[in-house]
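Data block below; observations after.
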Amino acid sequence: MKQSGLMSLVEAVANVIVGYGVAVATQILIFPIFGLQTTLAQNLKMGAVFTVVSIARSYVLRRLFEAIRVRGWRLRS
(Lines of atoms letter the chains of each structure in order from A and count residues from 1; the text may use other names and numbers.)
(Lines give C-alpha, C1' and ligand atoms only; values in the text may rest on other atoms or scores of the structure.)
Protein backbone atom coordinates (compact mmCIF):
# COMPACT_ATOMS: atom_id res chain seq x y z
CA MET A 1 0.00 0.00 0.00
CA LYS A 2 1.31 3.43 -0.92
CA GLN A 3 1.41 6.26 1.60
CA SER A 4 -0.58 9.37 0.67
CA GLY A 5 1.13 12.73 0.26
CA LEU A 6 -0.69 14.08 3.31
CA MET A 7 0.44 11.20 5.49
CA SER A 8 4.02 11.63 4.25
CA LEU A 9 3.84 15.27 5.36
CA VAL A 10 2.38 14.29 8.74
CA GLU A 11 5.14 11.71 9.19
CA ALA A 12 7.85 14.22 8.26
CA VAL A 13 6.51 16.86 10.66
CA ALA A 14 6.18 14.31 13.48
CA ASN A 15 9.75 13.15 12.82
CA VAL A 16 11.07 16.72 13.09
CA ILE A 17 9.11 17.45 16.28
CA VAL A 18 10.21 14.22 17.97
CA GLY A 19 13.82 14.74 16.82
CA TYR A 20 13.85 18.25 18.26
CA GLY A 21 12.51 17.01 21.58
CA VAL A 22 15.04 14.17 21.72
CA ALA A 23 17.91 16.57 20.92
CA VAL A 24 16.92 19.04 23.65
CA ALA A 25 16.25 16.32 26.26
CA THR A 26 19.57 14.64 25.47
CA GLN A 27 21.45 17.92 25.84
CA ILE A 28 19.77 18.65 29.18
CA LEU A 29 20.68 15.19 30.48
CA ILE A 30 24.15 14.75 28.99
CA PHE A 31 25.78 18.19 29.05
CA PRO A 32 26.12 18.29 32.86
CA ILE A 33 27.92 14.92 32.80
CA PHE A 34 30.62 16.63 30.72
CA GLY A 35 30.65 19.74 32.88
CA LEU A 36 28.78 21.89 30.37
CA GLN A 37 26.31 24.35 31.85
CA THR A 38 23.67 25.76 29.52
CA THR A 39 20.36 27.52 30.00
CA LEU A 40 17.08 26.14 28.72
CA ALA A 41 17.06 28.89 26.06
CA GLN A 42 20.53 27.83 24.87
CA ASN A 43 19.43 24.18 24.74
CA LEU A 44 16.35 25.11 22.71
CA LYS A 45 18.47 27.12 20.25
CA MET A 46 21.05 24.34 19.89
CA GLY A 47 18.23 21.83 19.39
CA ALA A 48 16.88 24.01 16.59
CA VAL A 49 20.31 24.10 14.90
CA PHE A 50 20.68 20.32 15.20
CA THR A 51 17.17 19.89 13.77
CA VAL A 52 17.94 22.05 10.72
CA VAL A 53 21.17 20.12 10.13
CA SER A 54 19.30 16.83 10.47
CA ILE A 55 16.66 17.89 7.95
CA ALA A 56 19.36 18.94 5.47
CA ARG A 57 21.23 15.66 5.98
CA SER A 58 18.06 13.62 5.47
CA TYR A 59 17.18 15.55 2.31
CA VAL A 60 20.64 15.13 0.77
CA LEU A 61 20.73 11.41 1.54
CA ARG A 62 17.19 10.92 0.19
CA ARG A 63 18.12 12.67 -3.07
CA LEU A 64 21.37 10.66 -3.30
CA PHE A 65 19.56 7.36 -2.89
CA GLU A 66 16.88 8.42 -5.36
CA ALA A 67 19.62 9.22 -7.89
CA ILE A 68 21.14 5.78 -7.26
CA ARG A 69 17.73 4.17 -7.76
CA VAL A 70 17.02 6.07 -10.98
CA ARG A 71 20.43 5.22 -12.44
CA GLY A 72 19.98 1.58 -11.47
CA TRP A 73 23.30 1.35 -9.62
CA ARG A 74 23.70 -1.89 -7.72
CA LEU A 75 26.02 -2.84 -4.90
CA ARG A 76 28.31 -5.70 -5.86
CA SER A 77 27.80 -8.92 -3.95
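Residue numbering for the sequence shown is -5 to 71, as defined by the working numbering. Note that beta-carbon positions come from the ideal geometry of N, C-alpha and C, so glycine has one too.
Inset, instruction - Look at the Cβ atom of residue 32, then the Cβ atom of residue 10, and state whether they are nearer than 8 Å. - result: no
Legend entry - Inter-residue CB distance, residue 18 and residue 37 (contact presumed, cutoff 8 Å): 5 Å
Inset, instruction - Can you have a look at residue -3 and say buried or exposed, based on whether 16 or more other CB atoms are within 10 angstroms of its CB? - result: exposed
Inset, instruction - Please work out which residues of its chain come closer than 7 Å, Cβ to Cβ, to residue 40, disregarding the five sequence neighbours upstream and downstream, and give them in chain order. - result: 21
Legend entry - Other residues of its chain near residue 25: CB distance less than 7 Å, five sequence neighbours each side excluded: 32
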